[in-house]
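Novice: Sharing a structure below in structure tokens format, with a few things to ask.
Number of protein chains: 2
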Amino acid sequence: MLNCDRELLNSIDFEKGKGLVPVVVQDEKSGSVLMVAYANREALEKTIETGYAHYYSRSRQKIWKKGETSGNVQKVKRILLDCDSDTLLYVVEQEGVACHTGEYSCFFRTLAEREDE
Amino acid sequence: MLNCDRELLNSIDFEKGKGLVPVVVQDEKSGSVLMVAYANREALEKTIETGYAHYYSRSRQKIWKKGETSGNVQKVKRILLDCDSDTLLYVVEQEGVACHTGEYSCFFRTLAEREDE
Numbered sequence: 001m002l003n004c005d006r007e008l009l010n011s012i013d014f015e016k017g018k019g020l021v022p023v024v025v026q027d028e029k030s031g032s033v034l035m036v037a038y039a040n041r042e043a044l045e046k047t048i049e050t051g052y053a054h055y056y057s058r059s060r061q062k063i064w065k066k067g068e069t070s071g072n073v074q075k076v077k078r079i080l081l082d083c084d085s086d087t088l089l090y091v092v093e094q095e096g097v098a099c100h101t102g103e104y105s106c107f108f109r110t111l112a113e114r115e116d117e
Numbered sequence: 001m002l003n004c005d006r007e008l009l010n011s012i013d014f015e016k017g018k019g020l021v022p023v024v025v026q027d028e029k030s031g032s033v034l035m036v037a038y039a040n041r042e043a044l045e046k047t048i049e050t051g052y053a054h055y056y057s058r059s060r061q062k063i064w065k066k067g068e069t070s071g072n073v074q075k076v077k078r079i080l081l082d083c084d085s086d087t088l089l090y091v092v093e094q095e096g097v098a099c100h101t102g103e104y105s106c107f108f109r110t111l112a113e114r115e116d117e
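Residue numbers (the UniProt record's numbering), protein chains in the order written: chain A, 1 to 117; chain B, 1 to 117.
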């Protein structure tokens, strides 16, 4: 269970994304960005109630608890809301790995890089 | 100018988001998540060509260079692609602040927090 600012919760703009907001997930210790998923209001409420990250699957069209089958759960330490009230940041303690490929973070492929540094 | 893996670039799934992918922006030094914006292929190509972050504005429906008017540009050090090939991570050196409110990061409001720690 997380302590929640209900006024701030009610200010979230779910409409812009047709009921969903993107959620950036960051590892509390390393600061690594682990993944991006989506939440509707219900998934966010379940995250706040249980203290574990829940999302909304756009392909399966249902709420899912991260790690429910794999065991790779995310204990949520803090949830931040951005200035536009349309994006969330979950700061988590990751059990196991975040990526379904077995990598720790979903961002493990370098697309482009600055040469001179 | 960034060195780019063109094969990986061509594998990006822009279709899922109707031509756009979300871009998480992370500060290279502090590891802070600064903001989330959106890019189409052209905005990404401009970012790679110039080495400075470009996005696509959904409200104004055009490409914009971050900091073009404010001076708060983002020098891009590295671009990562996630496992699903539908989300980007720009690792940047932020000039000034990232948020239009004057805060360093757009994620400056705490929505919920774990009590016991």
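Every residue gets a Cβ at the ideal spot worked out from N, C-alpha and C, and that includes glycine. Just so you know, these numbers come straight off a predicted model, no measurement behind them.
#1: So which residues of chain B does A/Ser26 contact, with C-beta pairs closer than 7 Å?
#2: Using a cut-off of 8 Å between C-beta atoms, extract the partners of A/Ile48 located in chain B.
#3: State buried or exposed for B/Lys29, treating a residue as buried only when at least 16 other CB atoms are found within 10 Å of its CB.
#4: Sort out for me which residues DSSP pairs A/Asn3 with in a bridge.
#5: Select from B/Gln94, B/Cys106, B/Asp82 and B/Gly102 the residue whose C-alpha is nearest the C-alpha of A/Ala112.
#6: Let me check understanding here. Comparing Cα to Cα, which of A/Arg41, A/Glu7 and A/Asp86 lies closest to A/Asp13?
#7: Hey, quick one: how far does the alpha helix (DSSP H) through A/Glu49 stretch, first residue to last?
#8: Quick check on the DSSP output: the beta strand (DSSP E) that includes B/His100 runs from which residue to which?
#9: According to DSSP, is B/Leu8 part of a helix, a strand, or is it coil?
#10: Does the distance from the CB of B/Glu95 to the CB of B/Lys77 come in under 8 Å?
#11: On the DSSP bridge assignment, give the partners of B/Arg78 in chain order.
#12: Taking 8 Å as the CB-CB cut-off, is B/His100 touching chain A?
#13: Check A/Ser57 in the structure and name its three-state DSSP category.
#14: Is there at least one Cβ from chain A nearer than 8 Å to B/Thr69's Cβ?
#15: Taking 8 Å as the CB-CB limit, is B/Phe107 close to chain A?
#16: Distance cutoff 8 Å, beta carbons only. Does B/Glu42 sit that close to anything in chain A?
#17: With a threshold of 16 other CB atoms inside 10 Å of the CB of A/Ser105, please say whether the residue is buried or exposed.
Specialist: Walking through what the data contain:
#1: Against the first sequence, residue 26 of chain A aligns to sequence position 26. In the sequence under discussion, the amino acid at residue 26 of chain A is Gln, which differs from the Ser named in the question. Result: Val33.
#2: By one-based count along the first sequence, residue 48 of chain A stands at place 48. Within 8 Å Cβ-Cβ: Ala112.
#3: In the second sequence, the residue the question calls residue 29 of chain B occupies position 29. Result: exposed.
#4: Reading the first sequence from its first residue, position 3 is the one you call residue 3 of chain A. According to DSSP, A/Asn3 bridges with B/Glu113.
#5: In the first sequence, counting from the first residue as 1, residue 112 of chain A sits at position 112. That would be B/Asp82, whose Cα lies nearest to the Cα of A/Ala112.
#6: Here residue 13 of chain A corresponds to residue number 13 of the first sequence, with the count starting at 1. For the residues A/Arg41, A/Glu7 and A/Asp86, the minimum Cα distance to A/Asp13 belongs to A/Asp86.
#7: In the first sequence, the residue the question calls residue 49 of chain A occupies position 49. Segment Arg41 to Thr50, the alpha helix (DSSP H) holding A/Glu49.
#8: Taking the first residue of the second sequence as position 1, residue 100 of chain B is located at position 100. Where B/His100 is concerned, there is no enclosing beta strand (DSSP E), given that its DSSP letter is neither H nor E.
#9: Here the question's residue 8 of chain B lines up with position 8 in the second sequence. Reduced to three states, the DSSP call for B/Leu8 is helix.
#10: Numbered from 1 along the second sequence, position 95 holds the residue referred to as residue 95 of chain B. Numbered from 1 along the second sequence, position 77 holds the residue referred to as residue 77 of chain B. No, these two residues do not count as a Cβ contact at 8 Å.
#11: Residue 78 of chain B sits at position 78 when you count from the first residue of the second sequence. In DSSP, B/Arg78 forms a bridge with A/Glu113 and B/Val91.
#12: Within the second sequence, numbered from 1, the residue matching residue 100 of chain B stands at position 100. For B/His100, the answer is yes, since a Cβ of chain A falls inside 8 Å of its Cβ.
#13: Taking the first sequence and counting its residues from 1, the one referred to as residue 57 of chain A is at position 57. Reduced to three states, the DSSP call for A/Ser57 is strand.
#14: Counting from one through the second sequence, the residue named residue 69 of chain B turns up at place 69. B/Thr69 does not count as touching chain A.
#15: For the purposes of this step, residue 107 of chain B is taken as residue 107 along the second sequence, with counting starting at 1. Answer yes: the Cβ-Cβ gap between B/Phe107 and chain A drops below 8 Å somewhere.
#16: Sequence index remark: in the second sequence, residue 42 of chain B carries index 42 (1-based). Output row for B/Glu42: interface = no.
#17: Taking the first sequence and counting its residues from 1, the one referred to as residue 105 of chain A is at position 105. Burial of A/Ser105 is indicated by the presence of at least 16 other C-beta atoms within 10 angstroms of its C-beta.
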